[in-house]
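Colleague:
Number of protein chains: 4
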Amino acid sequence: MSSMWGSNIRISIFGESHGIGIGVVIDGLPAGEKLDEDELRREMSRRAPGYDPAATSRRESDIPEICSGVLGGVTTGAPLCAVIENANTRPVDYDKLSRLPRPGHADYTGAVRYDGYNDVRGGGHFSGRLTAPLAFAGAVCKQILARHGVTVGGHIFSIGNIFDHSFDAVNVSAQQLSELSRSGFAVINPDIEARMRRAIDDAQMDGDSVGGTVEIAAVGVPAGIGTPMFGGVENVISSIVFGVPAVKGIEFGAGFNVARMRGSESNDPFTTEKGRVVTSKNNCGGILGGITTGMPILFKAAIKPTPSIGQKQRTVDLKSGRDAVLTINGRHDPCIVPRALPAIEAAAAIAIADMMKEVGML
Amino acid sequence: MSSMWGSNIRISIFGESHGIGIGVVIDGLPAGEKLDEDELRREMSRRAPGYDPAATSRRESDIPEICSGVLGGVTTGAPLCAVIENANTRPVDYDKLSRLPRPGHADYTGAVRYDGYNDVRGGGHFSGRLTAPLAFAGAVCKQILARHGVTVGGHIFSIGNIFDHSFDAVNVSAQQLSELSRSGFAVINPDIEARMRRAIDDAQMDGDSVGGTVEIAAVGVPAGIGTPMFGGVENVISSIVFGVPAVKGIEFGAGFNVARMRGSESNDPFTTEKGRVVTSKNNCGGILGGITTGMPILFKAAIKPTPSIGQKQRTVDLKSGRDAVLTINGRHDPCIVPRALPAIEAAAAIAIADMMKEVGML
Amino acid sequence: MSSMWGSNIRISIFGESHGIGIGVVIDGLPAGEKLDEDELRREMSRRAPGYDPAATSRRESDIPEICSGVLGGVTTGAPLCAVIENANTRPVDYDKLSRLPRPGHADYTGAVRYDGYNDVRGGGHFSGRLTAPLAFAGAVCKQILARHGVTVGGHIFSIGNIFDHSFDAVNVSAQQLSELSRSGFAVINPDIEARMRRAIDDAQMDGDSVGGTVEIAAVGVPAGIGTPMFGGVENVISSIVFGVPAVKGIEFGAGFNVARMRGSESNDPFTTEKGRVVTSKNNCGGILGGITTGMPILFKAAIKPTPSIGQKQRTVDLKSGRDAVLTINGRHDPCIVPRALPAIEAAAAIAIADMMKEVGML
Amino acid sequence: MSSMWGSNIRISIFGESHGIGIGVVIDGLPAGEKLDEDELRREMSRRAPGYDPAATSRRESDIPEICSGVLGGVTTGAPLCAVIENANTRPVDYDKLSRLPRPGHADYTGAVRYDGYNDVRGGGHFSGRLTAPLAFAGAVCKQILARHGVTVGGHIFSIGNIFDHSFDAVNVSAQQLSELSRSGFAVINPDIEARMRRAIDDAQMDGDSVGGTVEIAAVGVPAGIGTPMFGGVENVISSIVFGVPAVKGIEFGAGFNVARMRGSESNDPFTTEKGRVVTSKNNCGGILGGITTGMPILFKAAIKPTPSIGQKQRTVDLKSGRDAVLTINGRHDPCIVPRALPAIEAAAAIAIADMMKEVGML
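The listed protein sequences correspond, in order, to chains A, B, C and D.
Each step along the first sequence adds one to the number in this note's numbering, with nothing skipped, and position 292 is 301.
Each step along the second sequence adds one to the number in this note's numbering, with nothing skipped, and position 28 is 37.
Each step along the third sequence adds one to the number in this note's numbering, with nothing skipped, and position 160 is 169.
Each step along the fourth sequence adds one to the number in this note's numbering, with nothing skipped, and position 89 is 98.
1) Please list, in chain order, the chain B residues whose beta carbon lies closer than 7 Å to that of Gly369 of chain D.
2) Would you call the CB atoms of Glu224 of chain D and Phe135 of chain D closer than 8 Å?
3) List the residues that DSSP assigns as beta-bridge partners of Ser21 of chain D.
4) Met270 of chain C touches chain D at which residues, Cβ-Cβ below 7 Å?
5) Ordered along the chain, which non-local residues of its own chain (more than five positions away) have a Cβ less than 7 Å from that of Lys43 of chain D?
6) Starting from the Cα of Ile171 of chain D, find the closest Cα among D:Asn198, D:Ala148, D:Cys150, D:Val159 and give me that residue.
7) Have a look at Phe23 of chain C and Leu89 of chain B and give me their C-alpha separation to the nearest angstrom.
8) Between the alpha carbons of Asn338 of chain B and Asp102 of chain B, how many angstroms are there, rounded?
9) Please name the residues in the segment 291-305 of chain D whose beta-carbon is closer than 9 Å to at least one beta-carbon of chain C, in chain order.
10) With a Cβ-Cβ cutoff of 8 Å, do Ala141 of chain A and Ala227 of chain A count as a contact?
11) Please tell me whether Gly299 of chain D and Glu260 of chain D are closer than 8 Å, where the distance is taken between their beta carbons.
12) Per DSSP, His27 of chain C forms a beta bridge with which residues?
13) Per DSSP, what kind of secondary structure is Thr236 of chain A in: helix, strand or coil?
14) When you compare each of A:Ala87, A:Val79, A:Arg56 to Ile72 of chain A by their alpha carbons, which one comes out closest?
15) State yes or no: is the beta carbon of Asp104 of chain D nearer than 8 Å to at least one beta carbon in chain C?
16) Hey, how far is the Cα of Thr302 of chain B from the Cα of Ile296 of chain B?
17) Please classify Val196 of chain C: does DSSP put it in a helix, a strand, or coil?
18) Just to confirm before moving on: does the CB-CB distance between Gly216 of chain C and Gly284 of chain C stay below 8 Å?
19) Any Cβ of chain B within less than 8 Å of the Cβ of Met205 of chain A?
20) Tell me whether Phe172 of chain C sits in a helix, a strand or coil according to DSSP, three-state version.
21) What residue does the beta strand (DSSP E) around Arg108 of chain A start on, and which one ends it?
22) For a contact meaning CB atoms closer than 7 Å, what does Thr280 of chain C contact in chain D?
23) Classify Arg68 of chain A: buried if its beta carbon has 16 or more other beta carbons within 10 angstroms, exposed otherwise.
24) Using the rule of at least 16 other Cβ atoms within 10 Å of the residue's Cβ for burial, across every protein chain shown, is Asp124 of chain C buried or exposed?
25) Checking contacts by CB at 8 Å: is Met13 of chain B closer than that to chain A?
26) For a cutoff of 8 Å on Cβ pairs, would you count Met214 of chain A as touching chain B?
27) Sorted by chain position, which residues of the same chain lie with C-beta nearer than 8 Å to Ala120 of chain A's C-beta, five sequence neighbours on each side aside?
28) Assuming contact is defined by CB atoms lying nearer than 8 Å, are Ile359 of chain A and Cys150 of chain A in contact in what I supplied?
29) So Gly229 of chain B packs on Ser190 of chain B, CB below 8 Å; how close in whole Å?
30) What does Glu243 of chain D pair with, by DSSP beta-bridge criteria?
31) Nearest by alpha-carbon distance to Gly330 of chain B: which of A:Val325, A:Ala349, A:Val287 is it?
32) Where Thr281 of chain D and Ile31 of chain C are concerned, what is the direct C-alpha to C-alpha distance, given to the nearest angstrom?
33) With DSSP collapsed to three states, give me the class of Phe251 of chain A.
34) Does chain B have any CB closer than 8 Å to the CB of Glu354 of chain C?
35) Looking at the strands, I want to know which residues DSSP matches up with Ser167 of chain B.
36) Is it true that the CB of Ser275 of chain C sits closer than 8 Å to the CB of Pro314 of chain D?
Here it is in structure tokens:
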């Protein structure tokens with residue numbers, strides 16, 4: 010619980026936004042797995058602010074240092090710890106931060122939970138910055154999964170009310186996922202990027218922010234992963250995906266839409282393809298009874314708008330107990346959906362690796 | 010993992026639909042908690058088929074026998090085991106069941122996962138019948154929570170395309186939840202029951218089934234429960250709720266709708282009420298940074314249509330490897346949403362009890 | 010924690026000495042494992058009071074009913090629950106039991122831990138009777154392990170100051186373990202049984218009891234099981250063995266004797282035998298760095314004398330707060346070592362199965 | 010499992026002897042706990058080689074940097090990560106190390122477990138150096154426990170065949186433990202240090218090493234901590250103490266001696282002292298039924314001789330499969346008992362903090 014997760018591959022995440030460093034320990038990785046550090050770095054850069062793979066001056070910050078568990082570029086089987094130093098943290102106005110909790114943030118709940126001792130600078134341990142070590146752990150798992158034929162990827166499915174196409178639930182391919190991961194703004198419908206960017210810009214112009222959703226797919230996962238009841242694929246994935254700040258919902262396969270269907274529509278008929286049992290549709294998102302069918306695993310996650318906005322907001326002065334007005338200064342990301350995408354992919358990759366290891370497939 | 014769940018209050022569920030019995034062990038309950046057996050029985054009866062509290066002839070089946078952990082009606086602190094005998098299980102056509110996996114069921118994935126040794130009779134351990142011990146464990150937790158001022162309840166939010174009102178996210182009350190739990194068909198809008206029942210009947214007439222959603226609320230949960238990242242309230246609740254068969258999605262507070270909002274709309278301003286910090290809206294569903302705000306916890310879950318339908322369906326004959334047509338005989342519940350409701354409430358109650366115990370509040 | 014144990018094969022034990030029933034849920038068993046019920050019954054009978062395999066009238070009590078997880082005598086992969094009914098429980102003098110805690114028992118600590126709500130009848134959940142479900146779970150694991158070439162067994166190493174021979178740390182064999190498990194009083198040195206029995210009888214004559222030790226061996230465990238630090242074989246085995254009431258110490262290989270040695274004596278040289286790396290001695294008990302060497306795993310456990318004795322003992326009247334004298338009536342087992350032996354073997358078998366499953370060997 | 014431990018306070022240890030750094034993440038610490046960094050440093054220095062508190066030139070190496078979880082010297086409730094850089098690691102002869110496994114070390118078992126990918130330099134993750142982060146985590150817990158009236162300490166009980174006095178099982182005091190922790194060679198009997206040092210020197214002169222035991226006490230632990238069966242104090246402490254390399258046995262209270270006793274001798278009578286229930290003896294080591302009595306918790310641990318010795322040893326060349334002779338060069342600690350002492354104290358402190366948090370006492 011807390012900032013540790015996992016049964017067979019376990020991660021332990023630490024750090025605060027404005028502290029000395031953040032990082033992750035990954036325990037239970039198989040030994041002998043070669044790690045491509047360039048690829049790790051590329052994955053990490055996807056969640057950097059303003060990431061644009063076309064740009065030549067790649068920001069080299071947020072590069073984790075691997076302290077343990079890797080020798081000569083290969084995993085040793087011992088815990089892998091990676092640390093990212095926090096650079097350029099500026100002094101902050103503590104007093105204001107702890108007196109005036111920001112709406113939509115964990116300032117208030119964190120203060121109640123930790124008796125006011127929580128680090129409020131930049132959100133402390135609640136900061137979105139903590140998705141960096143998660144993304145790193147996911148990048149490690151992605152490389153291992155790839156060697157077993159599994160590819161995890163995703164795209165921005167919506168920004169505000171602008172929606173991309175969904176994945177083809179049956180035919181989504183490793184290649185499509187790979188291409189999306191190399192895009193600076195991962196969408197399926199090429200015409201939608203400009204409209205989504207405009208929605209983000211509009212929000213920013215208004216001193217506001219905007220939410221969205223992402224869609225994730227994992228292809229190549231063999232049938233028979235997961236267990237009934239509480240070890241099911243939906244349970245395991247959701248238990249880690251809600252660790253990404255701002256995620257407020259998750260749905261697998263047809264998800265909430267399936268609730269509007271009749272059984273004759275929602276059921277996915279079985280058939281065979283090249284001697285392999287498949288389903289001709291995939292409303293179940295590749296999961297029946299908590300266990301993989303061998304078809305693509307598919308889910309969508311809802312991400313709330315960045316709670317830090319430029320507009321004045323009502324809050325309470327915790328010291329005086331009186332209502333107050335808060336203005337959050339500084340520049341804020343008007344939409345975290347593009348940066349949340351690699352973090353949620355990472356969470357899914359870690360979950361799938363954990364479940365494949367459970368049945369001896371990793 | 011698998012059929013065990015929990016960190017501070019742990020449950021272990023066992024049994025198959027057509028086996029000797031099903032049940033649950035609950036480990037970690039506080040000692041000295043009086044259990045009202047009539048109330049436990051009433052809660053259990055809510056998930057019985059065709060439950061109608063107005064009827065005089067209450068079905069007394071599915072009453073769990075408490076084997077341990079309770080002395081003189083009071084918890085001892087030792088593990089509580091409750092067993093429900095399986096009565097009236099009829100012989101089934103094994104061979105057909107294991108050859109022709111039912112679409113939408115776990116017959117195929119269970120066979121892959123367990124090398125064909127899974128009990129396929131009535132779905133075996135994957136059966137919705139396994140929600141009975143879950144409902145029992147939840148009924149126990151509800152009684153303990155009530156003594157700490159916490160009430161967990163819910164209603165049918167939709168059947169197919171027929172939607173009930175949502176809870177008032179700020180003002181939903183323990184009394185409203187209590188009344189709903191005593192209803193044979195729990196909805197907020199009294200006019201909606203007839204329409205929902207008609208949608209169910211229509212599906213049944215067509216040899217079909219229909220899905221739906223439920224909305225759950227927990228009121229009275231103090232601020233400061235849960236932890237950041239993986240021990241957050243969303244993580245913990247979703248990790249158990251997906252243990253209820255047929256759940257395919259979960260959203261907290263405004264959920265997927267929040268993804269369409271701007272921050273100025275989604276953020277819940279803080280204010281005070283009777284000296285207590287509250288939020289004037291509750292789009293976050295009572296959870297910020299994984300930790301409770303003290304406002305009602307709210308979530309919705311999507312439930313797929315019963316996969317067992319009367320219509321012919323396409324499947325594969327696993328023995329011959331050829332496509333086949335399957336007709337599922339017998340009478341099937343055309344909509345499991347009303348019966349899933351108490352199971353999902355139960356899951357939420359167990360999760361909240363677990364998290365309150367973590368911080369020493371139980 | 011509490012009465013649940015395990016990472017890969019998990020058990021959940023429930024019940025009280027004088028309650029309705031006791032039992033165990035075993036979650037995570039491999040599917041497709043045939044269980045020999047006669048053999049399960051034979052293993053269970055080993056811990057029955059006054060067990061003598063030569064006697065014709067075998068007591069058929071304490072036979073567990075398997076409620077789930079087994080179909081046609083074969084594991085299904087779903088949780089296996091076995092329940093043993095408590096028969097012949099007699100009414101007891103509650104008031105005296107809860108006022109006058111028995112020295113050496115958990116009456117006092119249980120009352121403090123559970124605010125006086127613990128079931129004190131016969132020791133409640135603390136009773137040695139709870140080793141019956143543990144022995145059952147171990148008997149299941151032993152059968153599965155045997156199919157993978159692993160045999161777990163043991164003998165009474167000492168009763169009071171009477172000591173048996175130790176196992177040959179290098180050459181202890183599956184056959185020897187199998188023969189010991191069929192003995193009514195398992196010792197290596199045939200001359201020692203009479204002396205040990207006399208020590209027990211002498212204690213009984215004096216209204217007293219006597220302690221002892223057991224030695225356990227597991228042969229056939231492949232090299233490479235376990236992990237460094239906290240997942241080591243010593244950690245895992247000790248974490249379950251101390252679950253057997255009255256165990257107060259455990260030592261692996263040469264154990265406390267190794268602490269008196271020099272390195273040149275304690276180190277086990279490596280050599281080869283039939284192309285396999287072995288050690289020519291086995292002071293390490295088959296474990297280096299927490300990981301198995303492939304040699305026999307060996308440990309001894311210390312068992313305190315039965316705390317229930319016929320002699321008058323000093324205690325405190327918890328109600329009045331005054332010193333008091335306690336006489337425990339009834340017949341008590343003057344030495345639990347012979348009955349603890351199969352329980353400790355069982356604990357070891359469960360631990361080894363758990364660790365073999367971790368690395369995909371089960 | 011593996012290098013993570015704990016239920017309520019969890020630690021995750023990482024690093025290798027000759028890697029970039031070693032460290033620990035501590036998750037679940039209470040918020041608002043002031044940490045005295047000088048005291049942390051002092052505790053850490055106790056396990057430094059050749060520690061002598063009288064010396065003026067204190068070695069400042071092995072000082073952990075706290076990266077997270079502490080703000081202004083006070084815990085925030087977020088995970089605390091501390092990293093120790095590895096300085097002065099010299100190049101090593103890989104090939105020889107991986108070909109010729111050192112007897113008594115994990116070179117061979119690690120290679121089998123991790124398919125030869127384990128880091129063998131200096132023992133890698135199996136190195137005794139990994140007790141530094143454990144000692145750090147223990148030092149943090151000790152400070153928190155002290156604020157709740159609990160003191161954990163210990164002494165060298167034996168080196169080879171030279172034995173110190175045991176603690177007075179009833180009257181061991183916080184002050185005695187505190188004084189021992191400030192000693193460069195912690196023994197109770199002042200006359201014994203010289204003899205023990207001589208035994209160590211003699212072993213060194215012979216190119217050999219020597220083992221020993223430590224005795225640990227925890228005073229001030231309230232009655233009622235721990236749970237029956239697998240969450241008992243013995244289970245929890247042993248599950249972490251065997252994480253200290255070279256520990257091969259553990260016994261609580263009278264331990265293996267209790268197995269030689271009769272019940273009338275081993276049972277600890279209850280009485281009262283200043284209105285508090287106590288036992289007049291303490292053979293049970295402060296633990297009955299897995300739960301604390303309120304008397305001192307006492308255990309001894311057996312530590313094998315340093316396996317690295319100067320003498321020639323027989324081993325196997327894993328490449329050629331032939332027997333070989335190994336000479337380990339360099340200077341080795343002829344007795345690790347004095348340095349293992351603070352690590353084992355630390356393990357006990359972490360275990361006790363974990364169990365006190367379970368019942369809401371931390």
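For every residue, glycine included, the Cβ atom is placed at its ideal position computed from N, Cα and C.
Modeller: Once the coordinates are examined:
1) As a first step, residue 369 of chain D is located in the fourth sequence; it is residue number 360 there, counting from the start. Those are Gly369, listed as they occur along chain B.
2) On the fourth sequence, residue 224 of chain D is found 215 positions in, with the first residue counted as 1. On the fourth sequence, residue 135 of chain D is found 126 positions in, with the first residue counted as 1. Not a contact, by the Cβ cut-off of 8 Å.
3) As a working note, residue 21 of chain D is residue 12 in the fourth sequence. Looking at the DSSP assignment, Ser21 of chain D forms a beta bridge with D:Met13, D:Val34.
4) As a first step, residue 270 of chain C is located in the third sequence; it is residue number 261 there, counting from the start. Those within 7 Å of Met270 of chain C in chain D are Gly220, Pro314.
5) Taking the fourth sequence and counting its residues from 1, the one referred to as residue 43 of chain D is at position 34. Correct list, in chain order: Gly82, Val83.
6) As a working mapping, residue 171 of chain D is identified with position 162 in the fourth sequence. When only C-alpha atoms are compared, the closest one is D:Asn198.
7) Stepping through the third sequence from its first residue, residue 23 of chain C is reached at position 14. Stepping through the second sequence from its first residue, residue 89 of chain B is reached at position 80. Whole-angstrom Cα-Cα distance: 7 Å.
8) Working through the second sequence from its first residue, we reach residue 338 of chain B at position 329. Working through the second sequence from its first residue, we reach residue 102 of chain B at position 93. Near 11 Å, if we compare the C-alpha coordinates of Asp102 of chain B and Asn338 of chain B.
9) Asn292, Cys293, Gly294, Ile296, Leu297, Gly298, Gly299, Ile300, Thr301, Thr302, Gly303
10) As a first step, residue 141 of chain A is located in the first sequence; it is residue number 132 there, counting from the start. As a first step, residue 227 of chain A is located in the first sequence; it is residue number 218 there, counting from the start. Result no, Cβ atoms of Ala141 of chain A and Ala227 of chain A do not sit closer than 8 Å.
11) By one-based count along the fourth sequence, residue 299 of chain D stands at place 290. By one-based count along the fourth sequence, residue 260 of chain D stands at place 251. Taking 8 Å as the Cβ cut-off, Gly299 of chain D and Glu260 of chain D do not qualify as a contacting pair.
12) For the purposes of this step, residue 27 of chain C is taken as the residue at position 18 of the third sequence. None, per the DSSP bridge assignment.
13) Counted from its first residue, the first sequence places residue 236 of chain A at position 227. Three-state DSSP puts Thr236 of chain A in coil, outside helix and strand.
14) Against the first sequence, residue 72 of chain A aligns to sequence position 63. Closest by alpha carbon: A:Arg56.
15) The residue you call residue 104 of chain D lines up with position 95 of the fourth sequence. Not closer than 8 Å to any Cβ of chain C, the Cβ of Asp104 of chain D fails to qualify, so no.
16) For the purposes of this step, residue 302 of chain B is taken as the residue at position 293 of the second sequence. For the purposes of this step, residue 296 of chain B is taken as the residue at position 287 of the second sequence. The alpha-carbon atoms of Thr302 of chain B and Ile296 of chain B are separated by roughly 6 Å.
17) Position 187 of the third sequence holds residue 196 of chain C. Correct three-state label for Val196 of chain C: coil.
18) Looking up residue 216 of chain C in the third sequence gives position 207. Looking up residue 284 of chain C in the third sequence gives position 275. Cβ distance not < 8 Å, so Gly216 of chain C and Gly284 of chain C don't count as in contact.
19) Start at 1 with the first residue of the first sequence, and residue 205 of chain A comes out as number 196. So no, Met205 of chain A is outside the interface.
20) Taking the third sequence and counting its residues from 1, one reaches residue 172 of chain C at position 163. In this structure, Phe172 of chain C counts as strand in the three-state DSSP scheme.
21) By 1-based counting over the first sequence, the position of residue 108 of chain A is 99. Here Arg108 of chain A belongs to no beta strand (DSSP E); instead the alpha helix (DSSP H) covers 103-108.
22) As a working note, residue 280 of chain C is residue 271 in the third sequence. Near Thr280 of chain C (Cβ distances below 7 Å), the residues of chain D are Arg323, Val325, Asp332.
23) Locating residue 68 of chain A in the first sequence gives position 59, counting from the first residue. For Arg68 of chain A, the predicted structure reports a pLDDT of 48, less than 50, and the residue's modelled location is therefore unreliable. A value from the coordinates is still provided. Under this definition Arg68 of chain A is an exposed residue.
24) Position 115 of the third sequence holds residue 124 of chain C. Exposed.
25) One-based indexing of the second sequence puts residue 13 of chain B at position 4. By this cut-off, Met13 of chain B is an interface position.
26) Mapped onto the first sequence, residue 214 of chain A falls at position 205. So no, Met214 of chain A is outside the interface.
27) As a first step, residue 120 of chain A is located in the first sequence; it is residue number 111 there, counting from the start. Taken in chain order, the residues that qualify are Ser107, Pro110, Asn127, Val129, Leu327.
28) Mapped onto the first sequence, residue 359 of chain A falls at position 350. Mapped onto the first sequence, residue 150 of chain A falls at position 141. Cβ atoms of Ile359 of chain A and Cys150 of chain A: closer than 8 Å.
29) One-based indexing of the second sequence puts residue 229 of chain B at position 220. One-based indexing of the second sequence puts residue 190 of chain B at position 181. Not really, about 15 Å apart at Cβ, beyond 8 Å.
30) As a first step, residue 243 of chain D is located in the fourth sequence; it is residue number 234 there, counting from the start. In DSSP, Glu243 of chain D forms no bridge with anything.
31) Counting from one through the second sequence, the residue named residue 330 of chain B turns up at place 321. Selected option, being the one with the closest Cα: A:Val287.
32) Start at 1 with the first residue of the fourth sequence, and residue 281 of chain D comes out as number 272. Start at 1 with the first residue of the third sequence, and residue 31 of chain C comes out as number 22. Straight-line Cα distance between these residues: approximately 35 Å.
33) The residue labelled residue 251 of chain A in the question sits at position 242 within the first sequence. Of the three classes helix, strand and coil, the one that applies to Phe251 of chain A here is coil, per DSSP.
34) Sequence index remark: in the third sequence, residue 354 of chain C carries index 345 (1-based). For Glu354 of chain C, the answer is no, since every Cβ of chain B falls outside 8 Å of its Cβ.
35) In the second sequence, the residue the question calls residue 167 of chain B occupies position 158. Beta-bridge pairing links Ser167 of chain B to B:Phe172, B:Thr222.
36) Along the fourth sequence, one-based indexing puts residue 314 of chain D at 305. Along the third sequence, one-based indexing puts residue 275 of chain C at 266. Cβ distance < 8 Å, so Pro314 of chain D and Ser275 of chain C count as in contact.
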